[in-house]
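In the working numbering, the protein residues as written are 335 to 894.
Working notes, structure below.
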Amino acid sequence: MMNNNKIYYVCKYTPIELLAAMGASCENLNGMPGNFELAEQMVHPNICGFGKAVLEAVMEGQVKELVLVNCCDTIRSVYDVLEDMGKLDFLYMVDMLHGEGCCSRERTALQLKGLAKAYADYKGQDYLQMFHREAFAKAFVPPVKEKGAHLSVMGARMGKELYEMVQKSMPYPVENDSCVNNRSVGEAKPPKEKDFDKLMDWYAGELLGQMPCMRMMDHTGRKQLYQDPGLKGIIYHTVKFCDFYSFEYAELKQHAAVPLLKIESDYTIQSSGQLLTRLEAFAESLVQDERKGQERKMGKGYFAGIDSGSTSTDVVILDKNRQIVAGIILPTGAGAAIGAERALEEALKDAGLTREDIDALVTTGYGRTAIQDGDKSITEITCHARGAHYLDPSVRTVVDIGGQDSKVIRLDEQGNVVNFVMNDKCAAGTGRFLEMMARTMEMSLDQLGNCGIQYKEDITISSMCTVFAESEVVSLIAQNKETDDIVHGLNKAVAAKTAALVKRVGGEEKYMMTGGVSRNQGLVKTLEERLGTKLVISEQAQLCGALGAALFAADMVTQA
């Protein structure tokens, strides 16, 4: 049942204490819808995802009263659309300047008075009679200052569903310091001022004097967010099509002294699901030096790792000396769990073992959580790093072009993950991209991998979108272009995408390429030219993730 006195707000500069003093109950509008089916009927699809989330909530009937602040062009557009729609019982825009000087304070005080009058008129009352000073004073709740070891979510506002996912994934308590959540108006109690206008002048100063958001002209005060002595790491969140917080992230990369993970959402629930692997890998990197792992006694002395990928399922079995006794690669098929069971059976058969001989089993890959037979689940980021370090301890950067995502991982001398980036939002630059292009050219992946080396014409595929690139390839075939030339163009496109990830992660020598795409000779050669260095390609490259998982399984067992 909708609370008729509930007013929703979206910005930490919203005067919720004033509204509470007038009998309203305020709630932060911060849910992530399943999609923007209704919102995209009203606005351009490329506006900020949060703006569309606000529209979606209103059009679904979740909101009847809403107070906005002119945070950015998107919120201004949302206000105009909502005003034109006329679906809300009460809608108000607080027009607040982007500074805290005298003019801004005076302007804000007038806006506060305007809001009070508008809300009182909506309720059919006089604003001075409706305003209760005792309720106003009680609405100021001082923020909790004491923090122990914790992680911080910073940047643009984060939907509550994604924030809950972050909390569940992390090994430390998580503070939400993003946008609307780091509100600090409650640090001072209001004066016992009877004159409403003077009280609003004081209140305007408190609103404007908060730790600034990136909308403010002077946002240097935000540095205290990453100077907290208890801070163990930062998860920096941005929203698709929002520019404000990208600038701060660039500064954080240079000055923050703790591990940093950047994630971006489009403010739908689906986008949060795509981020789970990144979050879990970041969590694993935070505690990689604290792994004890001594959980059980040695049995037969064999350990297995299963890498459940979108294309193939790989299994590695190690003996007690951590030597590979079996390595199997099979197509995943329709179900991750079934594919894993089949691959494990083949690996056991190949090694002459039974399931009872395996002391510990670790799963990794996109299907890892669907496999119920494992003792532990670890992300492919951490497992590829561990496997690569085992194969060649001098490797410092791992490039893995997987079936549904691409990842670049930077390692330290011990093989720990220092930094990583992923491309998992579309098929661009992934194995799936190459698979679809091979199908378009009526070739197998092995045939595609052997082409493009002896090219003559330097063709450029201008689009990385799989659908549009396919159209380009069809057009090139119609122009009778040579197969080697077309494939080289495809290799260049993937290499450019991968090289960009390498640059973002701060890649350094030596480079190792893992996964099935490492067998693609044309792509390897093109990527080497792009990076200006040779890639280490191990005979066990495709088994790297499963190998890392098996090594972690071995860590779980003490020597007899």
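C-beta: ideal position from N, C-alpha, C; glycine also.
{"Query": "Using three-state DSSP, classify asparagine 337 as helix, strand or coil.", "Result": "In this prediction, asparagine 337 has a pLDDT of 43, which is less than 50 and means its spatial position is unreliable; nothing more can be read from the coordinates."}
{"Query": "Given this structure, state the Cα-to-Cα distance separating glutamine 561 from histidine 484, to the nearest angstrom.", "Result": "12 Å"}
{"Query": "Between which two residues does the beta strand (DSSP E) holding methionine 846 run?", "Result": "845–848"}
{"Query": "With a threshold of 7 Å on Cβ separation, who are the neighbours of tyrosine 497 within its own chain once the five nearest residues in sequence on each side are excluded?", "Result": "Val487 and Asn510"}
{"Query": "Would you identify the three-state DSSP class for glycine 627, choosing helix, strand or coil?", "Result": "Residue placement at glycine 627 cannot be trusted, given a pLDDT of 46 that sits under 50; the coordinates are not used to answer."}
{"Query": "Have a look at Ile692, Met548, Ile712 and Lys710 and flag the residue whose alpha-carbon is nearest the alpha-carbon of valine 659.", "Result": "Ile692"}
{"Query": "Could you have a look at methionine 907 and say whether DSSP puts it in helix, strand or coil?", "Result": "Any property of residue 907 remains undetermined from this structure, which presents the chain solely from 335 to 894."}
{"Query": "By Cβ distance, which residues of its chain are closer than 6 Å to glutamate 804, with the 5 residues on each side in sequence left out?", "Result": "Thr774"}
{"Query": "Using 10 angstroms around the beta-carbon of methionine 890, count the other beta-carbons present and answer buried if the total reaches 16, otherwise exposed.", "Result": "buried"}
{"Query": "I need the straight-line Cα distance from glycine 539 to methionine 356, nearest angstrom please.", "Result": "20 Å"}
{"Query": "Hey, out of Cys878, Gly383, Ser503 and Glu495, whose CA is closest to arginine 612's CA?", "Result": "Ser503"}
{"Query": "Tell me the residue span of the alpha helix (DSSP H) that contains phenylalanine 578.", "Result": "578–589"}
{"Query": "So histidine 718 is in the alpha helix (DSSP H); what residue range does that whole segment cover?", "Result": "714–725"}
{"Query": "Determine the direct distance from the alpha carbon of glutamate 714 to that of leucine 725, and round the result to whole angstroms.", "Result": "16 Å"}
{"Query": "Around the Cβ of tyrosine 456, are there at least 16 other Cβ atoms within 10 angstroms (buried) or fewer (exposed)?", "Result": "exposed"}
{"Query": "I need the boundaries of the beta strand (DSSP E) containing tyrosine 570, first residue and last residue.", "Result": "565–573"}
{"Query": "Quick check: what's the CA-CA separation for cysteine 406 versus glycine 385?", "Result": "10 Å"}
{"Query": "Would you call glutamine 445 buried or exposed, if buried means 16 or more other Cβ atoms sit within 10 Å of its Cβ?", "Result": "buried"}
{"Query": "Rounded to whole angstroms, what's the CA-CA distance from asparagine 936 to alanine 887? Just pull it up for me.", "Result": "This structure leaves residue 936 out entirely; the chain is present only between 335 and 894."}
{"Query": "Taking the alpha carbon of lysine 815 as the reference point, which residue from Gln501, Asp792, Ala884 and Asp460 has its own alpha carbon closest?", "Result": "Asp792"}
{"Query": "For lysine 631, which of Leu678, Lys654 and Tyr601 has the nearest alpha-carbon?", "Result": "Lys654"}
{"Query": "Going by C-alpha to C-alpha distance, which of Asn854, Leu745 and Tyr453 sits closest to phenylalanine 465?", "Result": "Tyr453"}
{"Query": "Could you tell me the distance, in whole angstroms, from the CA atom of aspartate 739 to the CA atom of alanine 830?", "Result": "15 Å"}
{"Query": "What did DSSP end up calling tyrosine 347 once you bin it into helix, strand or coil?", "Result": "coil"}
{"Query": "When we look at the beta-carbon of leucine 462 and count the other beta-carbons within 10 Å, is it buried (16 or more) or exposed?", "Result": "exposed"}
{"Query": "Please report the straight-line C-alpha distance between glutamate 769 and isoleucine 663, rounded to a whole angstrom.", "Result": "17 Å"}
{"Query": "Does the count of Cβ pairs from the region 596–606 and the region 411–418 closer than 8 Å reach three?", "Result": "no"}
{"Query": "Between cysteine 717 and threonine 698, how many whole angstroms is the CB-CB distance? I'm expecting something under 8 Å.", "Result": "4 Å"}
{"Query": "Tell me the rounded alpha-carbon separation between threonine 647 and asparagine 854.", "Result": "19 Å"}
{"Query": "Thinking C-alpha only, which one of Asn825, Phe637 and Lys868 is nearest alanine 883?", "Result": "Phe637"}
{"Query": "What are the start and end residues of the alpha helix (DSSP H) that includes methionine 419?", "Result": "407–419"}
{"Query": "Taking C-beta to C-beta, are isoleucine 705 and glycine 849 nearer than 8 Å?", "Result": "no"}
{"Query": "For proline 476, count neighbouring Cβ atoms within 10 angstroms of its own Cβ and tell me buried if that reaches 16, exposed if not.", "Result": "exposed"}
{"Query": "Since threonine 294 sits in a beta bridge, which residues does DSSP pair it with?", "Result": "Limits of the chain in this structure are 335 at one end and 894 at the other, which puts residue 294 out of reach."}
{"Query": "Measure the C-alpha to C-alpha separation of asparagine 404 and glutamate 371 and round it to an integer number of angstroms.", "Result": "25 Å"}
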